[in-house]
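J.:
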Amino acid sequence: MAATSFASLSFYFCILLLCHSSMAQLFGMSFNPWQSSHQGGFRECTFNRLQASTPLRQVRSQAGLTEYFDEENEQFRCTGVFAIRRVIEPRGYLLPRYHNTHGLVYIIQGSGFAGLSFPGCPETFQKQFQKYGQSQSVQGQSQSQKFKDEHQKVHRFRQGDVIALPAGIVHWFYNDGDAPIVAIYVFDVNNYANQLEPRHKEFLFAGNYRSSQLHSSQNIFSGFDVRLLAEALGTSGKIAQRLQSQNDDIIHVNHTLKFLKPVFTQQRDAESRTLNMRKGNLRQNTLRKSNLKWGSHRKSNLKWGSHRESSLKWGSLRQSTQGEQPQMGWSQAKHSQGDQPEEGQGGQSQQEQSQAGPYPGCQPHAGRSHASQSTYGGWNGLEENFCDHKLSVNIDDPSRADIYNPRAGTITRLNSQTFPILNIVQMSATRVHLYQNAIISPLWNINAHSVMYMIQGHIWVQVVNDHGRNVFNDLISPGQLLIIPQNYVVLKKAQRDGSKYI
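Numbering-wise, the sequence shown is residues -24 to -1, 1 to 478 according to mature numbering (1 follows the signal peptide of the UniProt record, and there is no 0).
#1: Can you tell me the Cα-Cα spacing of E48 and I459, whole angstroms?
#2: DSSP three-state call for Q38: helix, strand or coil?
#3: What residues are listed by DSSP as bridge partners for T406?
#4: Beta-carbon separation of I371 and L398 under 8 Å?
#5: Whose C-alpha, out of I416, G56, L32 and V35, is nearest the C-alpha of C21?
#6: Rounded to the nearest angstrom, what separates S212 and V202 at their Cα positions?
#7: Within this structure, are the beta carbons of E178 and H78 separated by less than 8 Å?
#8: Please look up how many angstroms separate the CB atoms of A169 and A140, rounded, as I've assumed it's under 8 Å.
#9: If you follow the alpha helix (DSSP H) that N399 is part of, which residue opens it and which one closes it?
#10: Report the partner residues of L467 according to the DSSP bridge assignment.
#11: Tell me whether L205 is buried or exposed, calling it buried when 16 or more other Cβ atoms sit within 10 Å of its Cβ.
#12: Going by the CB atoms, is the gap between A377 and T388 shorter than 8 Å?
#13: Quick one: what's got a C-beta closer than 6 Å to R472's C-beta in the same chain, skipping five residues either side?
#14: Under the assumption that L410 contacts G385 (Cβ atoms under 8 Å), give the Cβ distance between them as a whole number of angstroms.
#15: By how many angstroms is the C-alpha of F181 removed from the C-alpha of V146?
#16: Run through DSSP, which three-state label would A182 get?
#17: Run through DSSP, which three-state label would L204 get?
#18: Which residue from D137, F52, W148 and Q135 puts its Cα closest to that of K129?
#19: On the criterion of 16 or more Cβ atoms from any shown chain inside 10 Å, does A216 qualify as buried, or is it exposed?
#20: Excluding five sequence neighbours on each side, which residues of the same chain lie with their C-beta closer than 7 Å to the C-beta of V162?
#21: Does the beta carbon of A206 fall short of 7 Å from some heavy atom of the ligand MG?
#22: In chain order, what residues of the same chain have a beta carbon less than 8 Å from the beta carbon of S368, not counting five sequence neighbours either side?
#23: Pick helix, strand or coil for L70, following the three-state DSSP scheme.
#24: Check L458 in the structure and name its three-state DSSP category.
#25: For R218, report the span of its alpha helix (DSSP H) as first-last.
#26: Can you name the residues that DSSP bridges to H75?
#27: By DSSP, does F133 sit in helix, in strand, or in coil?
#28: Report the rounded CA-to-CA distance for I64 versus D46, giving the unit in angstroms.
#29: Just the Cα atoms here: how many angstroms apart are Q432 and Y44?
#30: With distances taken Cα to Cα, identify the nearest neighbour of A414 among N423, A424 and R383.
#31: Tell me the DSSP bridge mates of K234?
#32: With distances taken between CB atoms, is the gap from Q456 to N446 smaller than 8 Å?
#33: Return the CA-CA distance between N24 and P396, expressed in angstroms with no decimal places.
#34: Check for me: the beta strand (DSSP E) holding F448 runs from which residue to which?
#35: Nearest by alpha-carbon distance to V466: which of S475, V158 and W436 is it?
#36: Taking the beta strand (DSSP E) that R53 falls in, what are its first and last residues?
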């Protein structure tokens, strides 16, 4: 009897520890909410010869294209890198999905909207019909039936934005512009957020992949029984069947996609005003000297560019003594002027009102009780550390440059200090703009691999390993991706057309 009781007690104790560990991994709040360990031990991987990569295969959709880099390549497999390049055509809608790995997205071209849904965070954007001017049937609806749309904050993004995609977070993208959206995705497969096999997995909420051998997938609802799914969701069988429908991965919206977006974004207005003020004198002032020392949190084994270098004064940015002096120039995205409030897609009538909780520019729902308001607006830790994070930062903004040389170029870094959600994602980003014949002298990353993606121009790169042997010595062109292993020393020189890479 005593042995049976002890066995039962041990079983429940193990279950308790398992649940505690699972919650700690989900929110990263076991002891330090920012710490996230890294998977994997030592692998029998050699980097005796590196090579620049281009996408290996393509998956076409109704309104876009997804290009996959070779994840079976030794460089990608050993460093835990999964990379794709995605094109979303105008009025293209990337159907909702989530991943088992943390990732970062860089917007190479275009603009649009992104929706991310964080579990446990309130759906603070709400739209309802007012009683005045409505029919009697609408007036008689209950309070819950008045809401036609309710979701978390929708984020506007543009060229040069870096968007964080934490593991398990449902997200979608929509192109409301006239030009295609081109984006590069980089995921960290070896992060501890991934408790599955060391492979990137994508869970679709709708649609499927039509033609891909290694990446064929259907949405998560297709595996459930239709009747049981309809009962669980409180919908009809017809709607449940539509949820299971095998639509495309990126679909074309025939009419303008309607959803609630912020009435105005204070951040964008402030950025626009700051850029306008600094545009005239930025060329004459050095934002930060090249020998600037910067601090950074320890990151995972994957990142974009370098954010932490040797304490030696290497890695400085200078112009080559050969060639002509580069001309100054800035590539900026156009910002709208003025503080005119924005309306939702398709416009909102006076009978509709957008309401929100603790986000800037939004007011709490007037009909909600005081207790509900305190729940939504209270600082319970989850909202402060998780729900209220900024999800995108424009790394192309020249006013954010960390290193600036008027004759050589700029280097802009995003780390946990400047982009706090990177504490969760455990990655960082660096964008480099080099002028003609500019050189970045030898440097290395102490605690991370680097993933270098070429945006524009050409650059000559040399990489040396621990034996002093040259493992890469070649020219990198736009669209190519190069993985630089941890502690390998790299030297870069821009060509006559300059270079931009991230």
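Idealized CB from N, CA, C, for every residue including glycine.
T.: This is what the structure holds:
#1: Cα-Cα distance, rounded: 14 Å.
#2: coil
#3: R389
#4: no
#5: G56
#6: 9 Å
#7: No.
#8: Going by Cβ atoms, the distance from A169 to A140 rounds to 12 Å, so no, they are not a contact pair.
#9: L398 to V401
#10: Q438
#11: buried
#12: yes
#13: Q412
#14: 4 Å
#15: 8 Å
#16: Looking at A182 - three-state DSSP - the assignment turns out to be coil, as it is neither helix nor strand.
#17: L204: helix per DSSP, three-state reduction.
#18: W148
#19: Buried is the call here.
#20: V57, A59, G79, L80, W280 and V427
#21: Among the components modelled here there is no ligand, and therefore nothing to report on the ligand MG.
#22: A90, H131, F133, D137, V138, I139 and A140
#23: Residue state, collapsed to three classes: strand.
#24: strand
#25: G213 to L219
#26: E178
#27: Residue state, collapsed to three classes: strand.
#28: If you take the alpha carbons of I64 and D46, they lie about 21 Å apart.
#29: 20 Å
#30: R383
#31: Per DSSP, none; premise fails for K234.
#32: Contact: no.
#33: 36 Å
#34: N446 to I452
#35: W436
#36: Judged by DSSP secondary structure, R53 falls outside any beta strand (DSSP E) and instead within the alpha helix (DSSP H) spanning E50 to T55.
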